[in-house]
Amino acid sequence: MKKFKAYCYYCIFCLLPFLSIAQNGLNQSTIQINQLGFYPNAPKIAVLTFPSKANSFYVLSENLKDTFFVGKIGEQKQSAFSNTKTSILDFSALNRIGHYIIKVDVIKSYPFTINNDAIKSSAIASLKGFYFQRSSIPLEEKYAGQWKRTGFHPDNQVQVHASAASKERPEGFVFSSVGGWYDAGDYNKYIVNSGISNGTLFSAYEDFPAYFEKLHTQIPESNNGVSDLLNEAIYNLRWMLTMQDPNDGGVYHKCTNAVFDGMVMPGVTKEIRYVVQKSTAASLDFAAVTAQASRIFKSLEKHFPGLADSCLQASKKAWNWSLANPNKLYEQDKMNQSFKPAITTGAYGDNNVTDEWVWASAELYTTTKEQQYYTSFKKFNNNFKASLPSWNNVGLLGYYSLLQNSQNRPAFSNQEIDQLKTTVINIANQYINNVGANAFQTVMGQSARDFNWGSNANAANQGILLVKAYLYSGDKKYIDHALSNVDYLLGRNATGYSFVTGIGSKPAMNPHHRQSVSDDIVDPIPGLLVGGPNPKMQDKCVYQFIEAETAYTDQSCSYASNEIAINWNAPLVYLSNALEALKTKVGYTLK
Ligand code: 9MR
Ligand code: 9MR
Numbered sequence: 013m014k015k016f017k018a019y020c021y022y023c024i025f026c027l028l029p030f031l032s033i034a035q036n037g038l039n040q041s042t043i044q045i046n047q048l049g050f051y052p053n054a055p056k057i058a059v060l061t062f063p064s065k066a067n068s069f070y071v072l073s074e075n076l077k078d079t080f081f082v083g084k085i086g087e088q089k090q091s092a093f094s095n096t097k098t099s100i101l102d103f104s105a106l107n108r109i110g111h112y113i114i115k116v117d118v119i120k121s122y123p124f125t126i127n128n129d130a131i132k133s134s135a136i137a138s139l140k141g142f143y144f145q146r147s148s149i150p151l152e153e154k155y156a157g158q159w160k161r162t163g164f165h166p167d168n169q170v171q172v173h174a175s176a177a178s179k180e181r182p183e184g185f186v187f188s189s190v191g192g193w194y195d196a197g198d199y200n201k202y203i204v205n206s207g208i209s210n211g212t213l214f215s216a217y218e219d220f221p222a223y224f225e226k227l228h229t230q231i232p233e234s235n236n237g238v239s240d241l242l243n244e245a246i247y248n249l250r251w252m253l254t255m256q257d258p259n260d261g262g263v264y265h266k267c268t269n270a271v272f273d274g275m276v277m278p279g280v281t282k283e284i285r286y287v288v289q290k291s292t293a294a295s296l297d298f299a300a301v302t303a304q305a306s307r308i309f310k311s312l313e314k315h316f317p318g319l320a321d322s323c324l325q326a327s328k329k330a331w332n333w334s335l336a337n338p339n340k341l342y343e344q345d346k347m348n349q350s351f352k353p354a355i356t357t358g359a360y361g362d363n364n365v366t367d368e369w370v371w372a373s374a375e376l377y378t379t380t381k382e383q384q385y386y387t388s389f390k391k392f393n394n395n396f397k398a399s400l401p402s403w404n405n406v407g408l409l410g411y412y413s414l415l416q417n418s419q420n421r422p423a424f425s426n427q428e429i430d431q432l433k434t435t436v437i438n439i440a441n442q443y444i445n446n447v448g449a450n451a452f453q454t455v456m457g458q459s460a461r462d463f464n465w466g467s468n469a470n471a472a473n474q475g476i477l478l479v480k481a482y483l484y485s486g487d488k489k490y491i492d493h494a495l496s497n498v499d500y501l502l503g504r505n506a507t508g509y510s511f512v513t514g515i516g517s518k519p520a521m522n523p524h525h526r527q528s529v530s531d532d533i534v535d536p537i538p539g540l541l542v543g544g545p546n547p548k549m550q551d552k553c554v555y556q557f558i559e560a561e562t563a564y565t566d567q568s569c570s571y572a573s574n575e576i577a578i579n580w581n582a583p584l585v586y587l588s589n590a591l592e593a594l595k596t597k598v599g600y601t602l603k
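Just add 12 to the spot in the sequence shown (first one is 1) and you have our numbering.
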């Protein structure tokens, strides 16, 4: 009996770390780390989330035979946004290319690499993710591999909903609205969200054209002499163009079913697809994106004859419609009181369009240099408080474009340009000033506000803002901090998940994504960024953890924490590819 007791005591003692690990729901590792890897000369941090008496951590070869680095475990810290306690494991000094694992006592991290292409696979996959979201076409095995599909929503015969009826296009009027990306886990197409997504991809191209010219994602258009980033972006742009009523220039808010499809493959349901009410937000976002597209495609006239001109015309028409209709907000519930059938899909309703005016005027000015857009920009910018972009807060995208080639902005004084730059840099500084106090030492997650529906897009958009601050200042510290948010998204976070499907040892496996749920393939469609921790948990799924930074559940029911969306993937495309584009310049790589 005594013997048994002693045995039990010891056995519980040695099981203790594993029990706690199981309790944490992090069934394999309590060392949270970017599960892909690190550039040789970049900062390298992992975070221990298991209280350990040990003083040192070890970076070992994957077979555990060789030790390459011994470090001191950082002081334990209480995280502000969950009851997690963390200790920082800093192994930045290790710059040898190789495959590794970190060990603290008996606890091991997931394997990771140190190499010059550390996050390249994620950068490419995130762009390829958009191909998998394409509506109106089948996905061929050549490009989609095991995720090939035959079904799709053709959208060649969409109907004008009663809310959008006009003299020329009455209720039930049928036209073609082919193409574009499915918004998210659902199959509808929303102009507002397409706007920021396309705009962000175009911004990536404008900042790093030479890099993108060489980046291939194996899509049907690859090798047509145009970068795959632009090939992909055009797929949605052409759809956006169909959403403008040619008679008055107004833009329909969305192309949608009346109610969400079930969790089935594309093309299974044959519900009517409607275009609904024109809105100011949709029209201004459309004006911004088409103005931006126009200047990009000006130099690609040979490949896309006339596209630049059509985009500019469309942009001006949408702008003029907005001037005449400045308060056409999209209020879905109100709309449903007057028009049938009721539309219950995503609303993307936005009751403040000041930031949309800022963005659209900035893009139209940047493209045309016409004084009227400068005047409008000044007017709306007076009432705009710059902050992190999201689908309903797009003003900063206008700053980004004005600052992209800022010596070529004749209406603006140097002082005005400097002020815009300073605004962006000041926000960046607020993000980086207190990173040391964050239990995970990432830029993401220093404020409870970071954790909302689609929180992972905040991490990615913060990363973009930091890259921009680097581009304006040349100060490399901003890139180091941007990289911390890549680490966050790929595993250095309180959940221990890599939030990008198909990337890392413990990626999200069950996104709220209709194709991934219904295709009978174990692995979800790769390269998609899930929403991430969201303590409001609006989906009412059962969550194991409910604190701000842990309220994430890898279940397909969870549209509030585990859906995917184009406006979350686009900033991931920007951020991860910007780092790939800049890695040599900032000295991260080894010769
Ligand atoms: O699948 C829908 C998802 O794309 C949306 O983000 C979410 C919130 O609008 O709604 C999901 O659809 C759910 C609906 O709102 C309620 N019934 C269950 C649907 C599927 O889970
Ligand atoms: O990303 C949107 C989030 O900010 C909103 O709080 C939420 C509820 O309105 O809707 C999210 O957008 C969803 C859209 O309405 C429908 N397609 C899926 C989007 C991502 O969940």
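Backbone N, C-alpha and C fix where the C-beta goes; we use that ideal spot for every residue, glycine too.
Inset, instruction - Could you check if P545 is buried or exposed, using at least 16 other CB atoms within 10 Å of its CB as the buried criterion? - result: In the sequence shown, the residue the question calls residue 545 occupies position 533. Burial call: buried.
Legend entry - First through last residue of the beta strand (DSSP E) which encompasses Y70: Taking the sequence shown and counting its residues from 1, one reaches residue 70 at position 58. Counting along the chain, the beta strand (DSSP E) containing Y70 begins and ends at S68 to S73.
Inset, instruction - State buried or exposed for D195, treating a residue as buried only when at least 16 other CB atoms are found within 10 Å of its CB. - result: Here residue 195 refers to the residue found at position 183 when the sequence shown is read from its first residue. Per the 10 Å Cβ criterion, buried.
Legend entry - Distance cut-off 7 Å: F605 Cβ against heavy atoms of ligand 1: Beyond the ends of the chain as shown, which are 13 and 603, falls residue 605; an answer cannot be given.
Legend entry - Contact the region 350-363 vs the region 269-284: 3+ CB pairs below 8 Å: yes
Inset, instruction - Say yes only if the C-beta of A577 is nearer than 7 Å to one or more non-hydrogen atoms of ligand 2, and no if none qualify. - result: To locate residue 577, count along the sequence shown from 1; it is residue 565. Flag set: Cβ of A577 near ligand 2.
Inset, instruction - Could you check how far apart the C-beta atoms of I439 and A398 are, in whole angstroms? I think they sit under 8 Å. - result: Taking the first residue of the sequence shown as 1, we reach residue 439 at position 427. Taking the first residue of the sequence shown as 1, we reach residue 398 at position 386. Indeed, because the Cβ distance is near 7 Å, the residues count as touching under 8 Å.
Inset, instruction - Please state whether DSSP places H228 in a helix, a strand or coil. - result: By one-based count along the sequence shown, residue 228 stands at place 216. If DSSP states are grouped into helix, strand and coil, H228 belongs with coil.
Legend entry - In DSSP terms, what A196 is bridged to: As a working note, residue 196 is residue 184 in the sequence shown. Paired residues: A577.
Inset, instruction - Measure the CB-CB distance between P649 and G514 and report whether it falls below 8 Å. - result: Because residue 649 is not part of the residues shown, which for the chain are 13 to 603, the question remains open.
Inset, instruction - From the DSSP output, read off the bridge partner residues of P519. - result: Locating residue 519 in the sequence shown gives position 507, counting from the first residue. Bridge partners of P519: S510.
Legend entry - Residue burial classification, K548 (beta-carbon count within 10 angstroms, cutoff 16): In the sequence shown, counting from the first residue as 1, residue 548 sits at position 536. K548 should be labelled exposed.
Legend entry - Buried or exposed (CB count within 10 angstroms, at least 16 for buried), T292: Stepping through the sequence shown from its first residue, residue 292 is reached at position 280. Buried, by the Cβ-count rule.
Inset, instruction - Could you tell me the boundaries of the alpha helix (DSSP H) in which G207 lies? - result: Start at 1 with the first residue of the sequence shown, and residue 207 comes out as number 195. It spans I203 to D219 - the alpha helix (DSSP H) in which G207 sits, taken as one unbroken run.
Inset, instruction - Ignoring anything shorter than 3 residues or poking outside the region 216-293, list the beta strand (DSSP E) runs there in chain order. - result: 266-268
Inset, instruction - Give every residue of the same chain whose Cβ lies closer than 6 Å to the Cβ of Y122, excluding the five residues on either side of it in the sequence, and list them in chain order. - result: Working through the sequence shown from its first residue, we reach residue 122 at position 110. Answer for Y122: S41, Q47 and S517, listed in chain order.
Legend entry - Buried or exposed (CB count within 10 angstroms, at least 16 for buried), N470: Taking the sequence shown and counting its residues from 1, the one referred to as residue 470 is at position 458. With 16 or more other Cβ atoms within 10 Å, it is buried.
Inset, instruction - Flag this pair as yes or no: are the beta carbons of C553 and S530 separated by less than 8 Å? - result: Translated into positions along the sequence shown, residue 553 becomes position 541. Translated into positions along the sequence shown, residue 530 becomes position 518. Against a cut-off of 8 Å, the Cβ pair of S530 and C553 comes out as no contact.
Inset, instruction - Kindly examine ligand 1 and report whether one of its heavy atoms sits closer than 7 Å to the Cβ of Y571. - result: Counting from 1 along the sequence shown, the entry for residue 571 is found at position 559. Because some heavy atom of ligand 1 lies under 7 Å away, the Cβ of Y571 counts as near it: yes.
Inset, instruction - Determine the DSSP secondary structure at I455, reduced to helix, strand or coil. - result: The residue given as residue 455 occupies position 443 in the sequence shown. Sequence inspection shows Val at residue 455; the Ile mentioned does not correspond to that position. Correct three-state label for V455: coil.
Legend entry - Nearest candidate by alpha-carbon position, reference I576, set G197, N95, S94 and N67: Against the sequence shown, residue 576 aligns to sequence position 564. Nearest option by C-alpha distance: G197.
Legend entry - Distance between G448 and L584 (C-alpha atoms, nearest Å): Translated into the one-based positions of the sequence shown, residue 584 becomes position 572. Translated into the one-based positions of the sequence shown, residue 448 becomes position 436. Straight-line Cα distance between these residues: approximately 24 Å.
Inset, instruction - Please confirm whether any heavy atom of ligand 1 lies closer than 7 Å to the CB of H165. - result: As a working mapping, residue 165 is identified with position 153 in the sequence shown. No, Cβ of H165 sits at least 7 Å from all heavy atoms of ligand 1.
Inset, instruction - Label L415 either buried or exposed according to how many other C-beta atoms from any shown protein chain fall within 10 Å of its C-beta, with 16 as the threshold for buried. - result: Along the sequence shown, read from residue 1 onward, the residue named residue 415 stands at position 403. L415 is buried by the Cβ-count criterion.
Inset, instruction - Would you kindly work out how many angstroms separate the C-alpha atoms of D219 and L213, rounded to a whole number? - result: Stepping through the sequence shown from its first residue, residue 219 is reached at position 207. Stepping through the sequence shown from its first residue, residue 213 is reached at position 201. Cα to Cα, D219 sits roughly 10 Å from L213.
Legend entry - For K290 and K346, the rounded distance between their alpha carbons: Taking the first residue of the sequence shown as position 1, residue 346 is located at position 334. Taking the first residue of the sequence shown as position 1, residue 290 is located at position 278. Between K346 and K290, the C-alpha separation is close to 14 Å.
Inset, instruction - Take every Cβ of the region 418-437, pair it with every Cβ of the region 469-489, and state whether three or more of those distances are shorter than 8 Å. - result: yes
Inset, instruction - Starting from the Cα of Q453, find the closest Cα among E74, E87, K77 and S322 and give me that residue. - result: As a position in the sequence shown, residue 453 is number 441, starting the count at 1. Of the listed residues, the one whose Cα sits closest to Q453 is E87.
Legend entry - Cβ neighbour criterion (16 or more within 10 Å) applied to I284: Locating residue 284 in the sequence shown gives position 272, where the first residue counts as 1. Per the 10 Å Cβ criterion, exposed.
Legend entry - Straight-line gap, L296 to T61 (C-alpha atoms, nearest Å): To locate residue 296, count along the sequence shown from 1; it is residue 284. To locate residue 61, count along the sequence shown from 1; it is residue 49. Each residue's Cα considered, the two are about 46 Å apart.
Legend entry - Nearest residue (CA-CA) to W333, options K310, D257 and L591: For the purposes of this step, residue 333 is identified with residue 321 of the sequence shown, where counting begins at 1. Of K310, D257 and L591, the residue nearest in Cα terms is D257.
Inset, instruction - Note the first and the last residue of the continuous beta strand (DSSP E) segment covering Q171. - result: In the sequence shown, counting from the first residue as 1, residue 171 sits at position 159. First-last of the beta strand (DSSP E) with Q171: V170 to V172.
Legend entry - Terminal residues of the alpha helix (DSSP H) in which D499 lies: Here residue 499 corresponds to residue number 487 of the sequence shown, with the count starting at 1. First-last of the alpha helix (DSSP H) with D499: K489 to L501.
Inset, instruction - Report the partner residues of Q90 according to the DSSP bridge assignment. - result: Walking along the sequence shown from the start, residue 90 turns up at place 78. According to DSSP, which records beta bridges pairwise, Q90 is partnered with K97.
Inset, instruction - Count the other C-beta atoms from every protein chain shown that fall within 10 angstroms of the C-beta of V186, then say buried if there are 16 or more, exposed otherwise. - result: Residue mapping note: residue 186 aligns to position 174 of the sequence shown, counting from 1. The residue is exposed, with fewer than 16 neighbouring Cβ atoms inside 10 Å.
Inset, instruction - Have a look at V534, L376 and G543 and flag the residue whose alpha-carbon is nearest the alpha-carbon of G211. - result: Working through the sequence shown from its first residue, we reach residue 211 at position 199. When each option's Cα is compared against that of G211, the closest is L376.
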